[in-house]
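Some notes on the structure that comes next.
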Amino acid sequence: MAAPALEVHQFPCLTDNYGYLVHDPATGCTASIDSPDADAILRELKARGWQLDYVLNTHHHADHAGGNRALKAATGCRVVAARADADRIAGADILVDDGDTFSIGSQQATVIATPGHTRAHICWWFAGSGAAFVGDTLFAMGCGRLFEGSAPQMWQSLRRLMALPDDTLVYCAHEYTLKNGQFAVTVEPGNTALAARLADVQAARAAGRPTVPTTIGLERATNPFVRADSEGIRVALGLAGAPDLDVFAETRRRKDRF
Ligand code: ZN
Ligand code: FE
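Numbering (the working numbering), first residue to last: 50 to 307.
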């Protein structure tokens, strides 16, 4: 018999972040993906009767690691973070590198280094449950802004995520989907899957429903930031025949001005 899958509890935090608690039913081991809002996370833990064992950080920004110290003080949890971010993630106890695995009870996560948004951003992939927590690297129909990394780094990071199985559930750290979709149709106006998705997203947001998680397959079909090989995008950007990286970089520049 297969082990029970990872339980994921998702809830809104701050203005447009999502908090995520992941729980291994076999052992009770529980982790918070990032710590956007310690009070909200403690409330959700209590409501479920879960004890927090770990925070798994994606990067150092305050809306991702700002609650680390308060969660440690309240629960005695340990903070797991990228070694390259050790000096700027508050309370980091356990340091990980690209390709490392870390277990939440019987659920194993693999660290995928995805520099670009920041220089040391990491994603957490639970292969056995088909779930990836991607922080501010990949968003539904979007990707993170390039604060510290370069376009080539981000392009490589997104390519690594796109290599995950199509049915992988992608848990992004923000509800940015509507704005991303409104931009996406400007760079790929002929993509009918994208147009249909934008209509779905508009309906979901009007009804107050989340549009996250998404899947790798849906992003491959509709997210312009991972579709640099699309002829429609190339034509819309005036970059027919250009390298994929140039198409991605121009898409990112246009989104910055959108
Ligand atoms: Zn960030
Ligand atoms: Fe963020």
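Glycine is no exception: its CB is placed at the ideal position from the N, C-alpha and C atoms.
Cβ neighbour criterion (16 or more within 10 Å) applied to residue i
i: glutamate 237; result: buried
i: proline 164; result: buried
i: aspartate 88; result: exposed
i: arginine 283; result: buried
i: aspartate 185; result: buried
i: alanine 189; result: buried
i: alanine 242; result: exposed
i: alanine 96; result: exposed
Three-state class that DSSP yields for residue i in the structure shown
i: phenylalanine 393; result: This structure gives no information on residue 393, because the portion of the chain shown stretches from 50 to 307.
i: phenylalanine 307; result: coil
i: glycine 184; result: strand
i: glutamate 197; result: coil
i: isoleucine 265; result: helix
i: arginine 302; result: helix
i: glycine 281; result: helix
i: serine 206; result: helix
i: leucine 294; result: helix
Segment limits, alpha helix (DSSP H) that includes residue i
i: phenylalanine 232; result: 226 to 236
i: isoleucine 90; result: 87 to 97
i: leucine 144; result: Note, leucine 144: premise wrong, no alpha helix (DSSP H); beta strand (DSSP E) at 141 to 145.
i: threonine 150; result: No alpha helix (DSSP H) holds threonine 150; the beta strand (DSSP E) holding it covers 150 to 153.
Contacting residues, own chain, Cβ-Cβ under 7 Å from residue i (five flanking each side not counted)
i: leucine 63; result: Pro85, Asp86, Asp112
i: aspartate 278; result: Asp293
i: asparagine 240; result: Thr271, Gly281
i: leucine 288; result: Asp295, Val296, Glu299
The beta strand (DSSP E) enclosing residue i, as first and last residue numbers
i: glutamine 156; result: 156 to 162
i: glycine 68; result: 66 to 72
i: alanine 122; result: Careful: alanine 122 lies outside any beta strand (DSSP E), inside the alpha helix (DSSP H) at 117 to 124.
i: alanine 54; result: First-last for alanine 54: undefined, no H or E at that position.
Sequence-distant residues of the same chain with beta carbon closer than 8 Å to residue i, five excluded per side
i: arginine 269; result: Met211, Asp215, Val275, Arg276
i: tyrosine 220; result: Val57, Gln59, Tyr67, Tyr69, Ile82, Ala180, Ala181, Phe182, Val183, Val261, Pro262
Contacting residues, own chain, Cβ-Cβ under 6 Å from residue i (five flanking each side not counted)
i: leucine 286; result: Glu299
i: leucine 144; result: Arg132, Ala135
i: phenylalanine 297; result: Trp204, Ala277
i: lysine 304; result: Phe232
i: glycine 290; result: none
Any chain D beta carbon closer than 9 Å to residue i
i: isoleucine 143; result: Chain labels in this structure do not include chain D; a single protein chain is all it has.
Pull every residue with its beta-carbon under 5 Å away from any heavy atom of the ligand ZN, and keep them in chain order. His110, Asp185
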